[in-house]
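Chemist: Before I ask anything, let me first share the structure, which is written out below as structure tokens.
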Amino acid sequence: MSQATDSEAVREDGVIESVSGPVVTATDLGAKMNDVVYVGDEGLMGEVIEIEGNLSTIQVYEETSAVAPGEPVENTGEPLSVDLGPGMLDTIYDGVQRPLDVLQEKMDSAFLDRGVDAPGIDLEKTWEFQPEVEVGDEVEPGDVVGVVEETVTIDHKVMVPPGYDGGEVTAIEAGNFTVEEPVAELDSGEEIQMRQEWPVRRPRPSADKQTPTTPLVSGQRILDGLFPLAKGGTAAIPGPFGSGKTVTQQSLAKFSDADIVVYIGCGERGNEMTEVIDDFPELPDPQTGNALMARTCLIANTSNMPVAARESCVYTGITIAEFYRDMGYDVALMADSTSRWAEAMREISSRLEEMPGEEGYPAYLAARLSQFYERAGYFENINGTEGSISVIGAVSPPGGDFSEPVTQNTLRIVKTFWALDADLAERRHFPAINWNESYSLYQDQLDPWYRENVAEDYPEVRQWAVDTLDEEGELQEIVQLVGKDALPPDQQLTLEVARYLREAWLQQNAFIEVDQYCPPEKTYGILTAIKHFNDEAFEALDAGVPVEEIQNIDAAPQLNRIATTEDEEAEEFTDELEADITEQLRELY
Amino acid sequence: MKEYQTITEISGPLVFAEVDEDIGYDEIVEIETPSGDIKRGQILESSSGLVAIQVFEGTEGIDTNSSVRFMGETMKMPVTEDLLGRVLDGSGNPIDGGPDIVPDERRDIVGAAINPYAREYPEEFIQTGISGIDGMNTLVRGQKLPIFSASGLPHNDLALQIARQATVPEEDEGEDEDGGSEFAVVFGAMGITAEEANEFMDDFERTGALERSVVFMNLADDPAVERTVTPRLALTTAEYLAFDKGYHVLVILTDMTNYCEALREIGAAREEVPGRRGYPGYMYTDLAQLYERAGRLKGVEGSITQIPILTMPGDDDTHPIPDLTGYITEGQIMMDRDLESQGLKPPINVLPSLSRLMDDGIGEGLTRADHGGVSDQLYAAYAEGQDLRDLVNIVGREALSERDNKYLDFADQFESEFIDQGFDTNRDIDETLNIGWDLLSTLPKTELNRVDEELIEKYYQEDAEAVEA
Ligand SMILES: Nc1ncnc2c1ncn2[C@@H]1O[C@H](COP(=O)(O)OP(=O)(O)OP(=O)(O)O)[C@@H](O)[C@H]1O
Ligand SMILES: [Mg+2]
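Line by line, the protein sequences give chains C and B.
According to UniProt numbering, the residues represented by the first sequence are 1 to 589, in order.
According to UniProt numbering, the residues represented by the second sequence are 1 to 469, in order.
Take a look at the structure:
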């Protein structure tokens with residue numbers, strides 16, 4: 001959180017009128033909408049969310065127990081903002097960008113106390129600055145004037161802030177600076193520091209939005225194979241409890257080929273954040289081999305943390321994402337779960353006694369969701385570079401019923417839909433993504449990339465898989481009535497092939513090291529091996545071999561073992577397996 | 001302390017009073033009725049001049065002449081190690097005739113959130129001795145794992161079996177003289193019947209567990225609103241024992257459904273906009289503030305493991321109470337009415353059950369290298385057998401292939417051998433996994449695609465098919 005208290009803004013003090021949970025009203029505050037205020041004797045942080053005459057309504061980002069009417073409210077006159085600058089990566093924040101490690105130290109406790117503030121980035125630490133422009137160069141807002149090494153993986157670009165006039169550089173020098181010291185001066189009289197402040201509810205400016213044409217490669221077979229997400233795209237992953245939203249989001253955070261990952265734990269479990277904090281510094285980033293944490297920023301408002309900060313945490317996250325996009329990076333942002341954010345809106349709205357819309361959610365739910373997802377995209381930045389933000393939002397529908405407002409309003413916006421299925425999760429088919437219901441509208445625009453980078457016939461082989469799975473779905477309905485043995489042999493064989501598609505290709509265990517990340521080549525390799533079995537098997541069938549004999553060849557179950565074969569050996573293993581399949585089947589006729 | 005006789009309205013569990021001083025939100029209030037009864041309550045909303053009070057012990061007997069005293073502090077729980085062995089009511093007052101409690105400290109019952117940065121990820125295997133849990137839905141120290149049950153099912157027997165048998169095996173830290181890694185139990189009862197309460201108390205006394213237990217009792221005929229504080233008192237006590245005194249604490253909360261009903265009652269009295277099925281829109285947050293008070297802390301010896309019990313209204317797991325619980329807890333153990341009527345003890349249905357912390361707590365060096373694979377394979381095979389049961393009702397066994405028939409037999413044996421162990425049998429993890437292999441060995445080897453080939457070589461029993469046939 002940006003230290004709004006330090007600002008020169010004129011303060012006007014108000015007085016608390018009433019307290020009800022996270023909502024406090026105050027009189028005589030003289031505030032603007034969305035001003036940050038400090039509430040009560042303890043100075044709890046809050047934000048003005050409604051003004052009626054002399055009465056301001058405030059949502060408070062900390063617990064309000066024992067806060068009483070009559071206590072003072074201090075207005076900072078500034079909107080809720082984040083501190084942007086080096087030091088955001090390899091950090092875990094709460095919903096209003098207070099670093100959790102700093103809070104632990106300041107509070108000297110494992111529990112979160114209240115009324116303690118901390119800047120979002122370390123104001124004392126110095127960074128080694130390398131200029132990228134010289135004295136005499138013209139710079140405009142957004143332009144990069146130099147870099148610092150933020151982590152081993154990421155060079156942090158120091159940019160002219162968007163609101164500046166810009167002009168000719170009059171002074172710039174290499175050296176060690178804190179984030180608040182000027183690293184360059186312009187003839188306009190403006191000074192450039194590493195630190196920028198930005199109000200979280202306002203998108204940072206960009207020049208243009210473009211159609212995304214590169215996939216965000218996830219290493220998850222069902223995603224890369226059937227329902228790919230584009231860099232700059234949006235995806236929703238709804239599902240009932242325990243169906244795999246968090247595991248999928250974490251897999252994407254670990255393995256997707258983004259430059260930067262912003263992971264927002266919004267109203268979910270404390271232990272899940274701890275798991276990320278523990279694992280990410282140890283796990284290697286598949287792109288660079290460096291620790292994953294070096295490209296990651298975590299934001300945690302767990303379910304027992306104050307609900308108002310849940311409302312703000314997604315904005316904190318996306319603003320940080322935009323800042324790295326401005327530097328020309330591909331950012332992936334995961335929000336787990338957007339339903340908790342929507343519920344926080346609902347809770348605050350009902351305390352304000354606003355007119356409820358569908359299922360008690362405020363009427364502006366749809367608008368807020370689309371404003372948020374609109375901040376994703378493949379952008380041309382104001383400095384001419386290209387950067388992207390991909391947003392993947394988990395949705396937690398009550399009772400697992402997708403017809404509820406948050407799921408429905410989200411589906412109206414996002415272009416990729418990964419539908420989790422309780423039934424698949426129960427039988428431990430993971431990822432429990434239902435292949436009939438899910439879709440990706442990016443497929444066509446990404447196909448050229450797949451043809452060029454993976455295999456020329458990738459889209460055709462994929463289509464074969466989709467058709468086979470569709471056919472299986474239809475046949476299963478018949479099987480439910482008459483049993484499998486009553487089907488003609490060719491249909492029995494289709495069922496067998498589809499079973500391999502499900503078990504050897506779609507299933508992927510996030511807890512088995514060799515299996516948790518699958519490069520696109522291997523995803524394609526497994527698929528073509530199954531297709532090879534399919535083609536050979538149907539030839540054998542045509543030649544009169546009974547279907548049982550085809551099913552019983554030793555080689556076929558080995559298809560299930562490709563996924564757990566080390567990536568380097570997978571190709572050889574697959575080639576041999578295909579040869580075995582051919583040989584064993586041809587022996588039968 | 002100033003006394004007011006300014007009550008303006010009484011509505012359900014709520015009392016509204018005028019005040020001329022500033023009263024803090026959440027603070028404790030005492031109301032004295034004309035007949036001299038003292039009832040406690042809490043500030044739900046405070047504005048200058050007027051407060052809304054939620055009365056724990058029910059509003060019967062309160063009238064506009066009752067006097068109201070504001071205690072100037074939020075609700076506290078007196079904590080001390082001496083609470084072990086004591087039985088308290090749902091508001092924390094001793095009801096066992098024992099000595100007064102001399103607190104070490106008085107703690108706010110609304111616990112502060114644990115900083116995720118300070119948590120230690122839970123991964124120590126707890127052996128409950130129950131195959132359906134240890135083998136398939138492993139519990140670890142610091143986990144919150146509820147039992148989803150329904151009226152008339154033996155969830156209490158299961159909870160008691162866990163409380164009796166739970167140990168952390170082979171812990172050679174040289175702890176206390178006896179029992180090494182036994183748990184202290186904090187038991188919070190909300191609205192259960194006297195009969196159920198006796199069931200628990202008798203078992204605690206019989207097994208000597210009472211000595212290392214703290215019991216909070218809010219019974220069915222106790223005030224409903226009190227139920228909103230009982231679990232908070234219990235968890236505050238648990239936190240003190242675990243994080244200040246180094247105990248490994250097992251918290252059993254029953255029945256969370258009664259807790260949620262109390263929340264709904266208060267919400268309705270406040271005329272709030274209700275969420276799904278009349279429960280408050282903030283019920284998720286409220287429940288999270290209880291369930292998240294489990295876990296481990298870095299550099300601290302103790303732990304809190306939570307086993308909340310809830311009865312699903314209408315056996316429906318999409319009902320808001322189990323649904324919101326499942327979204328917060330780290331899995332669930334599902335009790336099943338059909339299995340119960342088949343006589344299975346415990347009637348655990350493993351398919352909809354889940355332990356999310358299992359993966360980090362099992363495997364080589366923790367339980368056994370084959371644990372993950374065996375569990376996955378048992379799940380897949382049992383699920384397949386279940387599907388075939390539906391089919392066999394329609395087409396008959398003869399219409400099924402040999403393979404399908406094996407899966408049908410597997411499902412039956414899984415229930416009778418693996419799950420139905422009885423409430424008094426305590427199996428160690430080796431025994432559980434070995435039974436798993438007995439069952440898997442009835443299937444053709446090539447079907448075992450979830451287990452490593454080396455482990456199949458090691459554990460698969462080649463002749464098992466013949467034995468079963
Ligand atoms: N790809 C996977 N591989 C193996 N196991 C998985 C996979 N995905 C999910 N699981 C299993 O499912 C469990 C639940 O997954 P997860 O925690 O992601 O659910 P969720 O949808 O986030 O639930 P909630 O809404 O309650 O947070 C995991 O603990 C794990 O056991
Ligand atoms: Mg989750």
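Glycine is no exception: its CB is placed at the ideal position from the N, C-alpha and C atoms.
Closer than 5 Å between the C-beta and any heavy atom of ligand 2: which residues qualify, listed along the chain?
Modeler: This selection yields C:K245, C:T246.
Chemist: For B:S149, is the beta carbon positioned less than 8 Å from some heavy atom of ligand 4?
Modeler: Among the ligands modelled here, namely ligand 1 and ligand 2, ligand 4 does not occur.
Chemist: Count the other CB atoms within 10 Å of the CB of C:N75; is the residue buried (16 or more) or exposed (fewer)?
Modeler: As a first step, residue 75 of chain C is located in the first sequence; it is residue number 75 there, counting from the start. The residue is buried, with at least 16 neighbouring Cβ atoms inside 10 Å.
Chemist: Examine chain C for any beta-carbon lying closer than 9 Å to the beta-carbon of B:E384, and answer yes or no.
Modeler: In the second sequence, counting from the first residue as 1, residue 384 of chain B sits at position 384. Cβ-Cβ to chain C under 9 Å: yes for B:E384.
Chemist: Which residues in chain C sit within 7 Å of B:N449, going by Cβ to Cβ distance?
Modeler: Indexing the second sequence from 1 puts residue 449 of chain B at position 449. Result: E503, P557, N560.
Chemist: Beta-carbon of B:L297 versus every beta-carbon of chain C: anything under 9 Å?
Modeler: Here the question's residue 297 of chain B lines up with position 297 in the second sequence. With 9 Å as the cut-off, B:L297 counts as an interface residue toward chain C.
Chemist: Counting C-beta neighbours from all protein chains within 10 Å, is the total for C:V82 16 or more, i.e. buried, or is it exposed?
Modeler: Along the first sequence, read from residue 1 onward, the residue named residue 82 of chain C stands at position 82. It counts as buried.
Chemist: Between which two residues does the beta strand (DSSP E) holding C:V169 run?
Modeler: As a first step, residue 169 of chain C is located in the first sequence; it is residue number 169 there, counting from the start. C:V169 -> beta strand (DSSP E) spans 167–172.
Chemist: To the nearest angstrom, report how far apart residue 628 of chain C and B:E123 are at their CA atoms.
Modeler: No answer is possible for residue 628 of chain C: it lies beyond the span of chain C, which begins at 1 and ends at 589.
Chemist: Could you check whether C:I318 and C:C266 sit closer than 9 Å to each other, using their CB atoms as the reference points?
Modeler: One-based indexing of the first sequence puts residue 266 of chain C at position 266. One-based indexing of the first sequence puts residue 318 of chain C at position 318. No, the Cβ-Cβ distance between C:C266 and C:I318 is not below 9 Å.
Chemist: Cα separation between C:A332 and C:A537?
Modeler: Along the first sequence, read from residue 1 onward, the residue named residue 332 of chain C stands at position 332. Along the first sequence, read from residue 1 onward, the residue named residue 537 of chain C stands at position 537. Computed Cα separation, rounded: 42 Å.
Chemist: Buried or exposed, going by whether 16 or more other CB atoms sit within 10 Å of the CB of B:A194?
Modeler: In the second sequence, the residue the question calls residue 194 of chain B occupies position 194. Exposed.
Chemist: Taking the alpha-carbon of B:I95 as reference, which of B:F216, B:I456, B:Y379 has the nearest alpha-carbon?
Modeler: Here residue 95 of chain B corresponds to residue number 95 of the second sequence, with the count starting at 1. Checked all of B:F216, B:I456, B:Y379; the closest Cα to B:I95 is B:F216.
Chemist: Should the segment 293–309 of chain B be regarded as contacting the segment 228–247 of chain B, the criterion being three or more beta carbon pairs within less than 8 Å?
Modeler: Judged by Cβ distances under 8 Å, the segment 293–309 of chain B makes contact with the segment 228–247 of chain B, as three or more pairs qualify.
Chemist: Any C-beta of chain C within less than 9 Å: which residues of the segment 73–94 of chain B qualify?
Modeler: Cβ contacts with chain C come from E73, T74.
Chemist: C:G21: which of C:R351, C:D470, C:V169 sits nearest, CA to CA?
Modeler: The sequence position of residue 21 of chain C within the first sequence is 21, counting from 1. Minimum Cα distance to C:G21 is reached at C:R351.
Chemist: Residues of chain B with a CB under 7 Å from the CB of C:N409: which are they?
Modeler: Residue numbering aside, residue 409 of chain C sits at position 409 when the first sequence is read from its first letter. Result: empty, since nearest Cβ-Cβ is about 17 Å, beyond 7 Å.
Chemist: Is there a Cβ from chain B that is less than 9 Å from the Cβ of C:I433?
Modeler: As a working mapping, residue 433 of chain C is identified with position 433 in the first sequence. Taking Cβ atoms only, chain B never reaches closer than 9 Å to C:I433, which makes this a no.
Chemist: In angstroms with no decimal places, state the Cα-to-Cα distance between B:H319 and C:G525.
Modeler: By one-based count along the second sequence, residue 319 of chain B stands at place 319. By one-based count along the first sequence, residue 525 of chain C stands at place 525. Rounded to whole angstroms, B:H319 to C:G525 spans 44 Å at the Cα level.
Chemist: Within 8 Å: the Cβ of C:Q558 and any heavy atom of ligand 1?
Modeler: Taking the first residue of the first sequence as position 1, residue 558 of chain C is located at position 558. C:Q558: no, Cβ never under 8 Å from ligand 1.
Chemist: Would you mind telling me which residues of chain C sit closer than 8 Å to B:I328, beta carbon to beta carbon, in chain order?
Modeler: Here residue 328 of chain B refers to the residue found at position 328 of the second sequence. Chain C residues near B:I328: R269, S303.
Chemist: Are there 16 or more other CB atoms within 10 angstroms of the CB of B:Y117, so buried, or fewer, so exposed?
Modeler: What you label residue 117 of chain B is simply residue 117 of the second sequence in a count that begins at 1. Buried, since its Cβ has 16 or more Cβ neighbours within 10 Å.
Chemist: Could you list which residues in chain B have their beta carbon closer than 8 Å to that of C:F511, in chain order?
Modeler: Within the first sequence, the letter at position 511 stands for residue 511 of chain C. Within chain B, the residues near C:F511 are D359, G372.
Chemist: Starting from B:D286 and walking both ways along the alpha helix (DSSP H), at which residues does that stretch end?
Modeler: For the purposes of this step, residue 286 of chain B is identified with residue 286 of the second sequence, where counting begins at 1. 283–291 is the span of the alpha helix (DSSP H), which, as asked, contains B:D286.
Chemist: I want to see whether chain C comes within less than 9 Å of B:E173, judged by CB atoms only; does it?
Modeler: For the purposes of this step, residue 173 of chain B is taken as the residue at position 173 of the second sequence. Any reading at B:E173 needs caution, since the residue's pLDDT is 47, under 50, leaving its predicted position unreliable; the model's value is listed next. No, no contact with chain C.
Chemist: Please state if the CB of B:V110 and the CB of B:M75 are separated by a distance shorter than 9 Å.
Modeler: Translated into positions along the second sequence, residue 75 of chain B becomes position 75. Translated into positions along the second sequence, residue 110 of chain B becomes position 110. Taking 9 Å as the Cβ cut-off, B:M75 and B:V110 qualify as a contacting pair.
Chemist: Three or more beta-carbon pairs under 8 Å between the segment 552–562 of chain C and the segment 478–493 of chain C, yes or no?
Modeler: Verdict: no, contact absent.
Chemist: What separation, rounded to the nearest whole angstrom, lies between the Cα atoms of B:Q421 and B:L83?
Modeler: Here residue 421 of chain B corresponds to residue number 421 of the second sequence, with the count starting at 1. Here residue 83 of chain B corresponds to residue number 83 of the second sequence, with the count starting at 1. Going from the Cα of B:Q421 to the Cα of B:L83 covers about 35 Å.
Chemist: Report whether the distance from the Cβ of C:T248 to the nearest heavy atom of ligand 1 is below 8 Å.
Modeler: Numbered from 1 along the first sequence, position 248 holds the residue referred to as residue 248 of chain C. Flag set: Cβ of C:T248 near ligand 1.
Chemist: Please state the DSSP three-state secondary structure of B:E81.
Modeler: Taking the first residue of the second sequence as 1, we reach residue 81 of chain B at position 81. In the structure shown, B:E81 sits in a helix (DSSP, three-state: H, G or I).
Chemist: Comparing C-alpha positions only, which one of C:D257, C:E134, C:L541, C:L588 sits nearest to C:G167?
Modeler: Residue mapping note: residue 167 of chain C aligns to position 167 of the first sequence, counting from 1. If we check each option's Cα against that of C:G167, C:E134 comes out closest.
Chemist: Comparing alpha-carbon positions, which option in B:S67, B:G129, B:E211, B:D376 lies nearest B:S35?
Modeler: The residue you call residue 35 of chain B lines up with position 35 of the second sequence. Answer by Cα proximity: B:S67.
Chemist: Looking at chain B, is there any beta carbon in it that lies within less than 9 Å of the beta carbon of C:I92?
Modeler: Within the first sequence, the letter at position 92 stands for residue 92 of chain C. Yes, contact with chain B.
Chemist: With burial defined as no fewer than 16 other Cβ atoms inside 10 Å of the residue's Cβ, what is the status of C:D423: buried or exposed?
Modeler: Here residue 423 of chain C is taken as the residue at index 423 of the first sequence, counted from 1. Burial call: exposed.
Chemist: Looking at B:K39 and B:G24, is the spacing between their C-beta atoms short of 9 Å?
Modeler: Walking along the second sequence from the start, residue 24 of chain B turns up at place 24. Walking along the second sequence from the start, residue 39 of chain B turns up at place 39. The answer is no: Cβ separation not under 9 Å.
Chemist: Quick one: any contact between the segment 291–306 of chain C and the segment 246–264 of chain B, if contact means 3 or more CB pairs under 8 Å?
Modeler: With a cut-off of 8 Å, the segment 246–264 of chain B and the segment 291–306 of chain C do not count as touching, because too few Cβ pairs lie within range.
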